[in-house]
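The block underneath contains the structure these notes are about, expressed in structure tokens.
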Amino acid sequence: MRYCDDFRSLVQRRTAGRDKREFGFEYELIAEEPLSKHDFQRVKNSLGFLGFNEKNGKIICAEGMYITFEPGGQLEFSSPPLGENSTMEFDNLLKIITRTVTGIRNSTSVNYIPVPYIPHRADAPMVLEARRYHDLHSLLGTISDRGREMMKGTAAIHLHASLTCFDELLKLWTLMCILSSRNGFAMGQQRRDIWNRTDPSRCGLRCSRSNEIVSSEVLFEKLVCFALRALELQTGIPFGSIRPIPSFEDFLGHFTTIFTDVRLNTKGMTLELRTLDSRPLNQFRSTWSTFLNQVQSVMDDSI
Numbered sequence: 013m014r015y016c017d018d019f020r021s022l023v024q025r026r027t028a029g030r031d032k033r034e035f036g037f038e039y040e041l042i043a044e045e046p047l048s049k050h051d052f053q054r055v056k057n058s059l060g061f062l063g064f065n066e067k068n069g070k071i072i073c074a075e076g077m078y079i080t081f082e083p084g085g086q087l088e089f090s091s092p093p094l095g096e097n098s099t100m101e102f103d104n105l106l107k108i109i110t111r112t113v114t115g116i117r118n119s120t121s122v123n124y125i126p127v128p129y130i131p132h133r134a135d136a137p138m139v140l141e142a143r144r145y146h147d148l149h150s151l152l153g154t155i156s157d158r159g160r161e162m163m164k165g166t167a168a169i170h171l172h173a174s175l176t177c178f179d180e181l182l183k184l185w186t187l188m189c190i191l192s193s194r195n196g197f198a199m200g201q202q203r204r205d206i207w208n209r210t211d212p213s214r215c216g217l218r219c220s221r222s223n224e225i226v227s228s229e230v231l232f233e234k235l236v237c238f239a240l241r242a243l244e245l246q247t248g249i250p251f252g253s254i255r256p257i258p259s260f261e262d263f264l265g266h267f268t269t270i271f272t273d274v275r276l277n278t279k280g281m282t283l284e285l286r287t288l289d290s291r292p293l294n295q296f297r298s299t300w301s302t303f304l305n306q307v308q309s310v311m312d313d314s315i
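Using my numbering, count along the sequence shown one by one with no gaps and you end on 315.
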């Protein structure tokens with residue numbers, strides 16, 4: 013299958029030599045009121061006074077956590093890789109999040125809140141300039157009735173567990189899928205209604221158990237097939253139908269636009285659970301602990 017060999021080799025190279033599993037999270041908050049581009053720039057400018065500086069294209073703090081933004085100005089904190097026994101480091105990251113959100117509010121009057129959805133954001137300003145976001149915004153405006161709400165009106169938490177080898181892909185994927193439907197991890201009804209009406213070609217691979225998926229190789233091919241059927245952002249046609257045939261690098265870029273409940277994240281070569289609704293940090297702390305315990309129990313303690 014096209015791209016499979018190169019992609020498999022990439023996964024194997026990136027996981028080679030990993031002897032310990034690492035974890036990570038992305039924690040999003042949404043502005044209580046829609047942001048103008050001027051508001052957004054003020055928020056970005058405030059970060060330099062709150063312990064974050066630009067380094068190698070990232071807005072990052074000394075502890076390794078970095079900040080990115082979503083198209084509606086949602087604020088996203090991404091952790092550095094964390095070990096299984098990094099409770100103190102995790103708690104310190106939560107303190108940084110609290111301090112940063114408070115600092116933004118005090119200096120700009122923009123109040124970021126940990127809720128999964130705020131209605132009526134479909135027509136809010138697009139504050140990001142990157143072409144991929146504008147292409148996606150344009151595409152979702154033509155093929156769905158709620159995709160732009162997904163981009164600008166939702167906030168989520170994503171949990172990551174690294175792959176230590178290609179062969180454990182199916183086992184870790186199965187665990188993530190089980191978690192995706194459990195209380196505390198499942199997507200709430202408001203976000204699910206939006207997700208179901210965003211873009212089935214890139215959001216529609218729900219976690220259903222299949223007797224046909226009997227190995228990591230079969231699952232891997234299924235993920236590649238799904239990506240090939242997903243609409244390419246600029247043309248609006250399935251990626252696998254584009255001619256001339258795109259490069260492998262183009263495919264990897266396209267793969268990052270897949271928004272399934274569980275996703276193979278090529279940046280850190282992790283599996284990423286994307287269903288969790290944003291929530292206050294005190295609730296997130298217990299969710300994180302449960303996540304670590306589940307992964308360690310199923311994946312590592314049995315080795």
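A virtual CB, placed ideally from N, CA and C, is assigned to each residue, including glycine.
Practice problem: Could you pull the start and end residues of the alpha helix (DSSP H) that glycine 159 belongs to? | Solution: Here residue 159 refers to the residue found at position 147 of the sequence shown. Looking at the DSSP string, the run of the alpha helix (DSSP H) that includes glycine 159 is 159-165.
Quiz prompt | Nearest to proline 126 (by Cα), restricted to the options Leu293, Lys164, Gln202 | solution = Here residue 126 corresponds to residue number 114 of the sequence shown, with the count starting at 1. Here the closest residue by C-alpha is Leu293.
Quiz item: For the 8 Å Cβ check, are there 3 or more pairs between the segment 130-141 and the segment 177-194?
Solution: no
Quiz item: Straight-line CA distance for phenylalanine 178 to valine 230?
Solution: Here residue 178 refers to the residue found at position 166 of the sequence shown. Here residue 230 refers to the residue found at position 218 of the sequence shown. Going by the C-alpha atoms only, they are around 12 Å apart.
Quiz item: Residue range of the beta strand (DSSP E) that alanine 43 falls in?
Solution: As a first step, residue 43 must be located in the sequence shown, where it is residue number 31. Start and end: 35-43.
Quiz item: Could you give the residue range of the alpha helix (DSSP H) that holds isoleucine 169?
Solution: Position 157 of the sequence shown, counting from 1, holds the residue named residue 169. Taken as a continuous stretch (DSSP letters only), isoleucine 169 belongs to no alpha helix (DSSP H), being part of the beta strand (DSSP E) at 168-174.
Quiz item: In its own chain, which residues sit with a C-beta less than 6 Å from the C-beta of phenylalanine 263, not counting the 5 before and 5 after it?
Solution: Sequence index remark: in the sequence shown, residue 263 carries index 251 (1-based). Once the five neighbours on either side are set aside, the close Cβ partners of phenylalanine 263 are Tyr15.
Practice problem: For glutamate 34, I'd like the list of residues in its chain whose CB is within less than 7 Å of its CB, leaving aside the five on either flank, ordered along the chain. | Solution: For this step, residue 34 is matched to residue 22 along the sequence shown. Pro93, Leu94, Gly95, Ser174.
Quiz prompt | Check whether aspartate 211 and glycine 248 have beta carbons under 8 Å apart | solution = Residue 211 sits at position 199 when you count from the first residue of the sequence shown. Residue 248 sits at position 236 when you count from the first residue of the sequence shown. No, Cβ-Cβ distance for aspartate 211 and glycine 248 is not below 8 Å.
Quiz prompt | Same chain only: Cβ atoms within 6 Å of serine 309, ignoring 5 sequence neighbours per side | solution = Sequence index remark: in the sequence shown, residue 309 carries index 297 (1-based). Excluding sequence neighbours, serine 309 sits near nothing in its chain.
Quiz item: So what's tyrosine 145 in DSSP terms, helix, strand or just coil?
Solution: The residue you call residue 145 lines up with position 133 of the sequence shown. In the displayed model, tyrosine 145 falls within a helix according to three-state DSSP.
Quiz item: If we ignore side chains and look at the alpha-carbon of each, how far apart do isoleucine 71 and isoleucine 109 end up?
Solution: Sequence index remark: in the sequence shown, residue 71 carries index 59 (1-based). Sequence index remark: in the sequence shown, residue 109 carries index 97 (1-based). Here the alpha carbon of isoleucine 71 sits roughly 14 Å from the alpha carbon of isoleucine 109.
Quiz item: Can you round the beta-carbon distance between arginine 214 and aspartate 289 to whole angstroms, since I take them to be within the 8 Å contact cut?
Solution: Here residue 214 is taken as the residue at index 202 of the sequence shown, counted from 1. Here residue 289 is taken as the residue at index 277 of the sequence shown, counted from 1. With 8 Å as the limit, arginine 214 and aspartate 289 do not qualify as a contact, their Cβ atoms being about 20 Å apart.
Quiz item: Would you say phenylalanine 197 reaches chain C, if we count a Cβ-Cβ gap shorter than 8 Å as a contact?
Solution: The structure shown contains no chain C; it is built from a single protein chain.
Quiz prompt | Assigned exposure category for methionine 281 - 16 Cβ within 10 Å defines buried | solution = Counting from 1 along the sequence shown, the entry for residue 281 is found at position 269. When all chains shown are included, methionine 281 counts as buried.
Quiz item: In terms of alpha-carbon separation, which member of Glu244, Asp205, Val274, Phe251 lies closest to phenylalanine 232?
Solution: Here the question's residue 232 lines up with position 220 in the sequence shown. The shortest C-alpha to C-alpha distance from phenylalanine 232 to any of Glu244, Asp205, Val274, Phe251 is the one to Val274.
Exercise. Determine the direct distance from the alpha carbon of glutamate 45 to that of aspartate 51, and round the result to whole angstroms.
Key: Stepping through the sequence shown from its first residue, residue 51 is reached at position 39. Stepping through the sequence shown from its first residue, residue 45 is reached at position 33. Those two C-alpha atoms are separated by around 10 Å.
Practice problem: Please confirm if the segment 77-86 is in contact with the segment 20-30, defined as three or more CB-CB distances below 8 Å between the two stretches. | Solution: no
Practice problem: Indicate the three-state DSSP secondary structure (helix, strand or coil) for phenylalanine 197 in the structure shown. | Solution: As a working mapping, residue 197 is identified with position 185 in the sequence shown. Looking at phenylalanine 197 - three-state DSSP - the assignment turns out to be coil, as it is neither helix nor strand.
Quiz item: By the 10 Å Cβ neighbour count, where 16 or more other Cβ atoms means buried, how is lysine 164 classified, buried or exposed?
Solution: Here residue 164 refers to the residue found at position 152 when the sequence shown is read from its first residue. Buried, since its Cβ has 16 or more Cβ neighbours within 10 Å.
Self-check item: threonine 114 - DSSP class collapsed to helix/strand/coil
Solution: Position 102 of the sequence shown holds residue 114. Three-state result, threonine 114: helix.
Quiz prompt | Enclosing beta strand (DSSP E) for asparagine 294 [first to last residue] | solution = The count along the sequence shown starts at 1 and reaches residue 294 at position 282. Careful: asparagine 294 lies outside any beta strand (DSSP E), inside the alpha helix (DSSP H) at 293-307.
Quiz item: Would DSSP call valine 230 helix, strand or coil?
Solution: Locating residue 230 in the sequence shown gives position 218, counting from the first residue. DSSP places valine 230 in helix when its eight states are reduced to three.
Exercise. Just confirm the distance between the C-beta atoms of tyrosine 124 and leucine 87, as a whole number of angstroms; I'd bet it's less than 8 Å.
Key: Position 112 of the sequence shown, counted from the start, is the residue given in the question as residue 124. Position 75 of the sequence shown, counted from the start, is the residue given in the question as residue 87. That pair is a contact at about 5 Å.
Self-check item: Buried/exposed call for asparagine 277, threshold 16 Cβ in 10 Å
Solution: As a first step, residue 277 must be located in the sequence shown, where it is residue number 265. By the neighbour-count rule (16 or more Cβ atoms within 10 Å), asparagine 277 is buried.
Exercise. Check whether the Cβ atoms of tryptophan 185 and leucine 283 sit closer than 8 Å, and answer yes or no.
Key: The residue you call residue 185 lines up with position 173 of the sequence shown. The residue you call residue 283 lines up with position 271 of the sequence shown. Contact: yes.
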